[in-house]
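All remarks here apply to the structure that follows.
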Amino acid sequence: MSIKAKLKRFESHMSTTEKEKESATTNNNEHGSWEQMNTEACSFDGMVCYIRTTRMSLQEKHGPKTFAEMKAAIDRWDTSAFAHPLSKKGIPTEKLLFFDTETTGLSSGAGTQMFLLGFASFTEKEVEVKQYLLSKPDAEVALYHFFLADAKKLDHLVTFNGKAFDWPRLKTRHSYLREAVPALPKFGHFDLLHGSRRLWKNELPSCNLSTLEAEKLGIKRTADTPSYLVPMLYFDFVREGNPAFMESVFAHHEADMLSLIALYAKLSDLILDAKGQASDAERFQIARWHEAAGQQQAAFSLYESLLDSKDFPLLARRHLGDLLKKQRRYAEAAEQFHACVREGFASYDCWTELSLIYEHYLKERDKAEIYAYRALESSTTNKEREAALKRAARISGKLKR
DNA sequence: AGGTCATGACGTATTTGCGT
DNA sequence: ACGCAAATACGTCATGACCT
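Following this line, the structure appears as structure tokens:
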């Protein structure tokens, strides 16, 4: 008896739902089939990896912006005047992999599988999304074989928390398979989580990607499968072999990668054109970022631009004072600290700075003494009181002689 | 049973400038 | 020239957020 005939005889014993599932796995034209999801089964060494390829025009939008607009924003790094941790200057935008994975959980134990790898990238006229699905637990070699064959053509990762989550895990799995799969290229890596936190942690309840999408990228997800459901859907897929379970997972994963493009574009816009596009709060945080990155010029110019802002004139002044002092422009630094204390801002810190500057650099000890006592009056903790008292007493002692 | 980074609280090393 | 205290720059440690 042929296989077909056997199946036909068996059919009558199946329930209706089982029949539907069976047809979904075998009929390529129906909803939820591999073909309908643009997904191809690729074999390597007897193992299958499902590869889904999606291409979209640069004129398509993800949120309010077209991919062409996003690419233009990212391209602007190439003409930027300052160094920055997110600067891709010198790296073609087409060489970036906007990389993300799906796993069966957040914990790092042996029970957690990395079952979906993917990246979006810019080609000449399109955005291309490639997704590599693990067909079953022991088919990892095929997964990494096909993923690496494509990924190695590119050279810089862009991720959201990928430095701490996706990439170390991928490296761990890859090292188990290193005899059987291509070597792991040494990618450069831009991670967007920490920069996003720098800009927005004070104004957003959370800096997770979905909050950023909603609040900062203008991206609305309709009927999205939340991340926490992804593991269950994958378990169902493996157990029942029905590709339909992966449809919403593919969509979720794809949206994550496209949002990485949108987020990198947004951060690029804000950092490269802070005066034109960033809010006062964003500008202040970008200035602090420049300062931390050793870009005093860029920081200085942004702090200056905030002196007539509504919420940041004094904070910006305070930072300008620090920068001027570092540049040994002591008289100008003192002006900034004076302006702060006139407004009652950061009084202890600023009076202390004034006392230091007048004692050591402007050499007016009588003023240094007065400012030390002002710092003492403004002190709020024992630690501050002790330090201010000590300073005041020492300068007074100097003056007596 | 993870890794990265910002942040803040402390501790330490090196340098600077003062007073003797 | 010297010792000392202050200032600054650099480590270290702990904590929390984020990823499915």
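Letter by letter, the first sequence follows residues 1 to 401 of the UniProt record's numbering. Where is the CB? At the ideal position from N, CA and C, for every residue including glycine. Bear in mind that the values here come from a model prediction, so they are computed numbers and not experimental data.
Check                                                                                                                                                           : Outcome
Only counting the same chain, and skipping five residues up and downstream in sequence, which positions put a Cβ closer than 6 Å to that of Glu40?              : Ile51
What residue does the alpha helix (DSSP H) around Tyr361 start on, and which one ends it?                                                                       : Run containing Tyr361: none; DSSP gives neither H nor E here.
Going by alpha carbons, who is nearest to Arg391 out of Ala375, Ala265, Thr380?                                                                                 : Ala375
Can you tell me which of Ile370, Tyr330, Thr380 puts its alpha carbon nearest to the alpha carbon of His360?                                                    : Tyr330
Closer than 8 Å is the cut-off here; do at least three beta carbon pairs connect the stretch 55–69 with the stretch 80–97?                                      : no
With distances taken between CB atoms, is the gap from Leu302 to Ala333 smaller than 7 Å?                                                                       : no
Assuming Ile91 is part of the beta strand (DSSP E), what are its boundary residues?                                                                             : It is not in any beta strand (DSSP E) - Ile91 carries neither H nor E in the DSSP assignment.
Residue range of the alpha helix (DSSP H) that Val249 falls in?                                                                                                 : 247–272
If you count every other CB in all the chains shown that lies within 10 Å of the CB of Gly397, and 16 or more means buried, which is it?                        : exposed
Using DSSP's beta-bridge definition, name the partner residues of His156.                                                                                       : Leu96, Gly188
I'd like to know whether the C-beta atoms of Tyr371 and Leu389 end up nearer to each other than 7 Å.                                                            : no
For Ala24 and Pro205, what's the separation of their Cα atoms in angstroms?                                                                                     : Low per-residue confidence applies at Ala24: pLDDT is 42, beneath 50, and the placement is therefore not dependable enough to give any value.
Which of the three DSSP states is assigned to residue 417 in this structure?                                                                                    : Outside the displayed range of the chain (1 to 401) lies residue 417, so it cannot be described from this structure.
Over what stretch of residues does the beta strand (DSSP E) that includes Glu126 continue unbroken?                                                             : 126–134
Of all the options Pro226, Ser80, Glu140, Val127, which has the alpha carbon lying nearest to the alpha carbon of Leu258?                                       : Val127
Less than 8 Å between the CB atoms is what I'm expecting for Ile74 and Ala265, so what's the real figure, rounded?                                              : 6 Å
Based on Cα-Cα distance, which residue from His319, Asp308, Lys310 lies nearest to Ala299?                                                                      : His319
Let me know if Ser107 comes out buried or exposed under the rule of 16 or more other beta-carbons within 10 Å of its beta-carbon.                               : exposed
Do the stretch 94–109 and the stretch 154–172 make contact, defined as three or more Cβ pairs closer than 8 Å?                                                  : yes
What first and last residue would you give for the alpha helix (DSSP H) that runs through Leu335?                                                               : Residue identity check: residue 335 is Glu in the sequence provided, not Leu. Element bounds for Glu335: 330–342.
Using a 10 Å radius around the Cβ and a threshold of 16 neighbouring Cβ atoms, would you call Glu364 buried or exposed?                                         : exposed
Could you tell me if Leu229 is buried or exposed, where buried requires 16 or more neighbouring beta carbons within 10 angstroms of its beta carbon?            : exposed
Touch check for the stretch 147–165 and the stretch 282–296: three-plus C-beta pairs under 8 Å?                                                                 : no
State the beta-bridge partners of Val48 as determined by DSSP.                                                                                                  : Ser43
Looking only at its own chain, which residues have a Cβ that is under 6 Å from the Cβ of Phe345, when we skip the five neighbours before and after it?          : Leu314
As a quick exercise: from Gly46, Phe98, His84, pick the residue whose alpha carbon is nearest that of Lys71.                                                    : Phe98
Since I believe Val249 is in contact with Leu233 (beta carbons under 8 Å), could you give me their beta-carbon distance rounded to a whole number of angstroms? : 5 Å
What does the alpha-carbon distance come out to for the pair Phe312 and Gln36?                                                                                  : 54 Å
Does the separation of the CB atoms of Leu157 and Phe122 fall below 7 Å?                                                                                        : no
Just how far apart, CA to CA, sit Asp138 and Phe115?                                                                                                            : 11 Å
Would you give the residue range spanned by the beta strand (DSSP E) that Ser121 belongs to?                                                                    : 114–122
From which residue to which residue does the alpha helix (DSSP H) around Gly321 run?                                                                            : 313–326
If I follow the unbroken alpha helix (DSSP H) through Glu291, where does it start and stop?                                                                     : 280–292
How about Leu217 and Ala262: are their beta carbons less than 7 Å apart?                                                                                        : yes
Go to Leu170, then tell me how far its alpha helix (DSSP H) extends in each direction, as first and last residue.                                               : 166–176
Using a 10 Å radius around the Cβ and a threshold of 16 neighbouring Cβ atoms, would you call Gly317 buried or exposed?                                         : Checking the sequence, you will find Arg at residue 317 rather than Gly. Answer is buried; the Cβ neighbour count reaches 16.
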